[in-house]
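Visitor:
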Amino acid sequence: LAACDSQAIGLASGGRIPDSSFSASSIFKAIYAAKYGRLNGRRAWEPKTNDLDDYLQIDLLYEYVICAVATQGNPPTQSIGAQEWTTEYKLRFSLNGTTFLPYKENKLDKV
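Its first residue numbered 1, the sequence shown is counted upward by one per residue in the UniProt record's numbering.
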């Protein structure tokens, strides 16, 4: 796709998408708020529990053709001492912010 030749949409730390576009089902502590769910930051979003229904939601403000998704774990800190990361997730998308549909490949939810 020609659309996939363009650059990133601005979700990395310091990107064009504002912190207010990030929301989540829950947060463990304020230092793990949804707005920290960006690439290349010094923090990360962390949900309150390990519930399979936890989610990070990002309002991209405009419609985009998404060609790839990159994620990374929470970098180690002196207090934690170990990295933390998600091993699998599902993507859902919405055009109205209310009805979300799963991303599928070969008619199956992509994990």
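Glycine included, each C-beta is placed from N, C-alpha and C at the ideal position.
1. If you reduce the DSSP assignment to three classes, tell me which class A44 lands in.
2. Taking C-beta to C-beta, are Y64 and I9 nearer than 7 angstroms?
3. May I have the straight-line CA-CA distance separating D19 from N50, to the nearest angstrom?
4. At 3 residues or longer, what runs of the beta strand (DSSP E) sit wholly inside the UniProt domain "F5/8 type C" (4-111)?
5. Rounded to whole angstroms, what is the Cα-Cα separation between E88 and A68?
6. For the 8 angstroms Cβ check, are there 3 or more pairs between the segment 32-39 and the segment 97-110?
7. Measuring straight from C-alpha to C-alpha, what distance separates Y32 and P47?
Guide: Checking against the coordinates, here is how it stands:
1. The sequence position of residue 44 within the sequence shown is 44, counting from 1. A44: coil per DSSP, three-state reduction.
2. Within the sequence shown, numbered from 1, the residue matching residue 64 stands at position 64. Within the sequence shown, numbered from 1, the residue matching residue 9 stands at position 9. Yes.
3. Here residue 19 refers to the residue found at position 19 of the sequence shown. Here residue 50 refers to the residue found at position 50 of the sequence shown. Taking the straight line from one Cα to the other gives about 23 angstroms.
4. 22-24 and 56-58
5. Reading the sequence shown from its first residue, position 88 is the one you call residue 88. Reading the sequence shown from its first residue, position 68 is the one you call residue 68. One C-alpha to the other measures close to 15 angstroms.
6. no
7. Your numbering for residue 32 matches position 32 in the sequence shown. Your numbering for residue 47 matches position 47 in the sequence shown. If you take the alpha carbons of Y32 and P47, they lie about 8 angstroms apart.
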